[in-house]
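In what follows, a single structure is set out as structure tokens and then discussed.
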């Protein structure tokens, strides 16, 4: 069930139908034509009742610039590489270089021009169910970071809103920071640097060690954990790891029998896990007691993974030799807000302000990675890399490349009989279907219907409207297909 249609590289036309979250009784419809050249499209926005025809056709002659297909609100100083990539997809960009609370975010989203809206955030802004409910034009959310716990993924999925993140782009930067902290902890660099700044010459080898031949235990052997594994081996370390699923070891790394086994064997423990119910407070007093005496702990994953008071007690007792933290259970909303942590004032603790991915290289790649995914989704509905909707990545069918074609993109409730309903509508439409693709994830399904029609033809819009009118439809739109 993986087929797609292809069309010309001209304009794009959107019919976006978004039903209410509960009864699916009404829909808002947005149509955009962005033909490049003398025919410039206009945008229509309105509402309709399910089952009624949606009229959404207009063409204007002239030489004005094309109407953007969508509008992006980028927050928290997302890297400028995102602007360039989104503009390449015809998306206009507005920037607010700070985090927003719920009310501020809702106001910004509702103030956006008519058309699909995208919001780009980092770690401070929260996209809650209330925000999603209040902003019916919201089509996609970009998390310009790795984590997505600041987004209500379930509410977004049920509203047909795609969420994209950047799981790869900051991998190297985080791994390099952790590697540097391992050396700094082992050589007591922080304490000796402070002494030098205070005019004291602490030149001695007491408590300083090489990291060569030491054992690094990595908890969470994903993108960052495995990259750290490679770097650590290059330093001559022995690497063991623990993960909840079996992973292919890189180099000479070995999977530990259990978390307890890893804690008991490691000279350094580095945490690289997501924020979930299973990982919150993963490292507490009991786990710290199982670590080797004089071992070090590094947390560059999520702040709620470690119980800081228990770590403070383990450090004060001398059982844990040192620690480095880049994340915290509570973090300031901005640079001007105060930072308070139970571990402040300790010479054997390195505290950094969540800078693991804060390099120019990582931020540029993050901006590009997320913007590419969003542009692809807006352009033809593909959800490659989406964290909350079914993944469907269909190129145009070979037989349609170079000719006009369009795609109906439909998110629907995953209930028995929905595909039969949609296929019945297609059969009654008397249009030529080039292909279909379907994928499901939990309570929603994602359907592509590729048509051998120009998106400006009435039959294409009528089919889109008829599918949108079904009670099971959550969000439906019509897009022109580019040759990919």
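Residue numbers (the working numbering): 101 to 584. Where a beta carbon is used, it is the ideal one built from N, C-alpha and C, also for glycine.
Query	Result
How do the segment 514-523 and the segment 254-264 stand: do at least 3 beta-carbon pairs fall below 8 Å, yes or no?	no
In the structure shown, what three-state DSSP assignment does residue 404 receive?	helix
Nearest-angstrom Cα distance between residue 234 and residue 207?	9 Å
Measure from the alpha carbon of residue 181 to the alpha carbon of each residue in 452, 482, 562, 464, then state which is nearest.	464
Could you spell out where the alpha helix (DSSP H) holding residue 433 opens and where it closes?	Segment: none, residue 433 is in no alpha helix (DSSP H) and carries neither H nor E.
Taking C-alpha atoms, which residue in 484, 318, 238 lies nearest to residue 368?	318
Check whether the segment 276-284 touches the segment 446-459, taking contact to mean three or more Cβ pairs, one atom from each stretch, closer than 8 Å.	yes
Identify, in the order they occur along the chain, each residue of the same chain with its Cβ nearer than 7 Å to the Cβ of residue 292, setting aside the five sequence neighbours on each side.	302
Taking all protein chains shown into account, decide if residue 172 is buried (16 or more other Cβ within 10 angstroms of its Cβ) or exposed.	buried
Helix, strand or coil for residue 517, going by three-state DSSP, please let me know.	coil
Does the segment 239-255 come close enough to the segment 219-229 to have 3 or more Cβ pairs within less than 8 Å?	yes
Considering only DSSP beta bridges, list what residue 99 is partnered with.	One cannot answer for residue 99 here, as it falls past the ends of the chain, which runs 101 to 584.
Using 8 Å as the threshold, is the segment 373-382 in touch with the segment 398-409, meaning 3 or more CB pairs across them?	yes
Let me check understanding here. Comparing Cα to Cα, which of 178, 188, 184 lies closest to residue 219?	178
What are the boundary residues of the beta strand (DSSP E) that includes residue 232?	Unbroken run through residue 232 is the alpha helix (DSSP H), 229-234; no beta strand (DSSP E).
Between residue 356 and residue 392, how many whole angstroms is the CB-CB distance? I'm expecting something under 8 Å.	Residue 356 to residue 392, Cβ: 13 Å. No contact.
Let me check understanding here. Comparing Cα to Cα, which of 243, 346, 425 lies closest to residue 442?	425
Kindly give me the distance between the Cβ atoms of residue 505 and residue 581, rounded to whole angstroms, as I take these residues to be in contact under 8 Å.	5 Å
What is the residue span of the beta strand (DSSP E) that residue 293 lies within?	Careful: residue 293 lies outside any beta strand (DSSP E), inside the alpha helix (DSSP H) at 289-297.
In chain order, what residues of the same chain lie with their CB nearer than 6 Å to the CB of residue 601, ignoring the 5 residues before and after it?	The shown model of the chain, from 101 to 584, leaves out residue 601, and the question about it has no answer.
Straight-line CA distance for residue 561 to residue 533?	14 Å
From this set, 361, 546, 536, which residue's C-alpha is nearest residue 486's C-alpha?	546
Kindly say whether residue 221, judged by its beta-carbon, lies nearer than 8 Å to any beta-carbon of chain D.	This model lacks chain D altogether, as it is built from one protein chain only.
If you draw a straight line from the alpha carbon of residue 552 to that of residue 195, how long is it in whole angstroms?	38 Å
Does the distance from the CB of residue 400 to the CB of residue 372 come in under 8 Å?	yes
Could you tell me the distance, in whole angstroms, from the CA atom of residue 490 to the CA atom of residue 522?	18 Å
Does residue 169 come out as helix, strand or coil in the three-state DSSP assignment?	coil
Would the beta-carbon of residue 544 fall within 8 Å of that of residue 509?	no
Is it buried or exposed, residue 564, if we count other Cβ atoms within 10 angstroms and call 16 or more buried?	buried
Rounded to the nearest angstrom, what separates residue 344 and residue 397 at their Cα positions?	20 Å
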